[in-house]
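So the structure is just underneath, and the comments pick up after that.
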Amino acid sequence: MPPESAPVILWFRRDLRLADNPALNEAAASGRPVIPIYIHQPEAAGEWAEGGASRWWLHHSLESLGRSLAALGTPLRLLRGPADRVLPQLAQETGATSVLWNRRTEPWANQQDTIIAAELKALGITPRSFNAALLFQSGAIVSQSGRPFKVFTPFWKACLAAPPPAPPLPAPTTLRPWGGALAVEDLDQWGLLPTKPDWACGLRQSWQPGEAAAQSRLAEFLSEGVTQYAGNRDVPAQPGTSRLSPHLHFGEISPRQIFHAIRRTAEPGQGSERFLAELGWREFSAHLLHDCPDLPERPLRPEFERLAWRHDTDGLRAWQQGRTGYPLVDAGMRQLWATGWMHNRVRMVTASFLVKDLLVRWQEGEAWFWDTLVDADLASNAASWQWVAGCGADAAPFFRVFNPVLQGEKFDPKGRYVRQWCPELANLPDKWLHQPWRAPAQVLRQAGVVLGETYPVPLVDHDQARKRALAAFAELKA
DNA sequence: TTTTGAGTTGTTCGA
DNA sequence: GTCGAACAACTCAAA
0 MPPESAPVIL WFRRDLRLAD NPALNEAAAS GRPVIPIYIH QPEAAGEWAE GGASRWWLHH
60 SLESLGRSLA ALGTPLRLLR GPADRVLPQL AQETGATSVL WNRRTEPWAN QQDTIIAAEL
120 KALGITPRSF NAALLFQSGA IVSQSGRPFK VFTPFWKACL AAPPPAPPLP APTTLRPWGG
180 ALAVEDLDQW GLLPTKPDWA CGLRQSWQPG EAAAQSRLAE FLSEGVTQYA GNRDVPAQPG
240 TSRLSPHLHF GEISPRQIFH AIRRTAEPGQ GSERFLAELG WREFSAHLLH DCPDLPERPL
300 RPEFERLAWR HDTDGLRAWQ QGRTGYPLVD AGMRQLWATG WMHNRVRMVT ASFLVKDLLV
360 RWQEGEAWFW DTLVDADLAS NAASWQWVAG CGADAAPFFR VFNPVLQGEK FDPKGRYVRQ
420 WCPELANLPD KWLHQPWRAP AQVLRQAGVV LGETYPVPLV DHDQARKRAL AAFAELKA
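In the working numbering, the protein residues as written are 0 to 477.
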């Protein structure tokens, strides 16, 4: 087969976009026929296979990418893993001379990449991989001593002082199709969508997966959100955050596109710098996971394994279902269940409640978020849970225990958020909304609230729970 | 090597 | 009601 007509395989992963996609760009520029594929391999990720909400998103994102590629004249072919078996086989079957892909951030994926690259080379096929998920390749940003940063602020300063990420690549306008035939799978047969019961109604109402939707979300944020970001980002009732996280996770939009769009369009100011720092946290988490592959399972500070964690299955379940009796916590957990997303401020409050008020291991919360978040990301999820628990990098001081009542009064003073997600409390006056158990009987009656019936009695007394947590954490030092 | 300053996101207590 | 201090000690990063 003449080399010009030998196809290249383009392996899509968490880079489900056409624009700023280095592997795709390289494939298009090669002038060869391109075979775009996606490999479904939940087994390869072990216990970190996509959770329920992520599977829903993935289904629709693959559909969307498939349509975009079809418009370029090439279908997206769906295959089943494991990739280290599928890719060498496919390359030989099609006579491909190279396989291109963008790297992921998960340790299991990187291990698999190494194996695949070796297998392909042994067959005389060229593997090429690119960084498309991060502003800075993992391992590229190190302190002056050459060691990975363990503290965010100096890490991010070093990022901003480094040569800026390259400007995003345009989407290719043409892609040479490959005419061969392949046995492929059917997306609907992968069972990514929930059926019995279909709990995805709220997800459908809240989200539009796909590259085009990601771009409109960014455009909207640039025109309306970013200047007010610093002030609004902490108010869960307001659409003050970008809501780009699931799009970023699935690679429907790249961090470089966001970084350069902010720098180009947004007025320099607190809003845009604050927002860029959030991209920085995403980078920092990925770097941490790269450096500590067991970040999702083991506390960065090993002594936290010894903490007097409680085995409270009832408490865990009440937390998951949004019936802890603390309105802000319950509102957050219900928003998560209904929409696959929770406001960042409320993530901190709910996480602090599980880990400190209930003394349930952070890994339990991490697992629940993994299953229910549409933006579930191994690095960010693990790093953030460890941060809240106090065992992570740059950890919160042990005495920082969120008070769910105070947080509610501070960040949801009019109760718009709580009333939306806990409608059974809607008629309570603002003063008692975040602490219904302290409301006079008369007030409760007028609002139609019967504690223990229409809304739960608090699972724990926060003051006591706080003291219990501080004592448990103090034990670690002893 | 030693030293110094600093560390996303908070709460409570007492004046 | 508001305000500042206290809440541990440690690790990290850089000088």
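Glycine included, C-beta positions come from ideal geometry on N, C-alpha and C.
Taking Gly-389 as reference, the option from Leu-358, Arg-415, Phe-368 and Lys-413 with the minimal CA-CA separation is Leu-358.
Phe-11 has Tyr-37 as its beta-bridge partners, per DSSP. Straight-line spacing of the CA atoms in Pro-245 and Pro-439 works out to 43 Å. Going by DSSP, Val-98 is part of the beta strand (DSSP E) stretching over 97-101.
Counting only runs of 3 or more residues that sit fully inside the region 55-133, the beta strand (DSSP E) segments are 76-79, 97-101 and 125-129, in chain order.
Counting along the chain, no alpha helix (DSSP H) covers Gly-138, and no H or E run does either. Shown here for Ser-379: same chain residues with a beta carbon closer than 7 Å to its own, the five before and five after excluded, namely Arg-281 and Ser-284 in chain order.
Tyr-325 carries a coil assignment under DSSP once its states are collapsed to helix, strand and coil. Taking the Cβ atoms as the reference, Pro-295 lies roughly 21 Å from Phe-352, outside the contact range of under 8 Å. Judged by beta-carbon spacing, Gly-324 lies within the 7 Å limit of Pro-457, meaning their Cβ atoms are closer than that value.
Nearest C-alpha to Leu-287 among Ala-28, Ser-4, Lys-149 and Thr-226: Lys-149. The Cβ atoms of Trp-56 and Pro-208 sit closer than 7 Å to each other. With 16 or more other CB atoms across the displayed protein chains lying within 10 angstroms of its CB, Thr-73 is buried.
For Val-387, the closest of Thr-173, Gly-270 and Lys-355 by C-alpha to C-alpha distance is Lys-355. Taking each of Cys-421, Lys-476 and Glu-42 in turn and checking the Cα distance to Ala-236, the smallest one comes out for Cys-421. Contact between Pro-35 and Arg-76 holds, with the beta-carbon distance rounding to 7 Å and staying under 8 Å. The distance from the Cβ of Gly-51 to that of Pro-162 is about 40 Å, inconsistent with a contact at the 8 Å cut-off. Rounded to whole angstroms, the gap between the alpha carbons of Ser-60 and Leu-202 is 13 Å. Counting only runs of 4+ residues, the alpha helix (DSSP H) found wholly inside the region 159-247 occupies 200-205, 210-219 and 228-231, in chain order.
Assignment of beta-bridge partners to Leu-450 by DSSP yields Tyr-454. Contact between the region 311-327 and the region 264-279 is absent: fewer than 3 CB-CB pairs across the two stretches fall below 8 Å. A direct Cα-to-Cα measurement between Arg-102 and Phe-398 gives close to 39 Å. For Ala-382, the uninterrupted alpha helix (DSSP H) run begins and ends at 377-388, by DSSP. Put simply, the region 10-21 does not touch the region 326-344. Fewer than three CB pairs are less than 8 Å apart.
Contact between the region 441-448 and the region 459-470 is absent: fewer than three C-beta pairs spanning the two stretches fall below 8 Å.
Assigned with DSSP and collapsed to three states, Pro-21 falls in helix. Boundaries cannot be given for Gly-414, as no alpha helix (DSSP H) includes it and DSSP labels it neither H nor E.
One alpha carbon belongs to Trp-367, the other to Gly-314, and they sit about 13 Å apart.
The DSSP-derived three-state label of Pro-292 is coil. DSSP places Arg-300 in no alpha helix (DSSP H); its state is neither H nor E. Taking 8 Å as the upper bound for CB-CB distance, Leu-278 and Leu-134 are in contact here, some 7 Å apart.
Using a C-beta cut-off of 8 Å, the region 171-181 makes contact with the region 15-33, since at least three inter-stretch Cβ pairs fall below that distance.
If you draw a straight line from the Cα of Pro-326 to the Cα of Trp-431, it comes to about 10 Å.
Beta-bridge analysis with DSSP links Pro-147 to Val-141.
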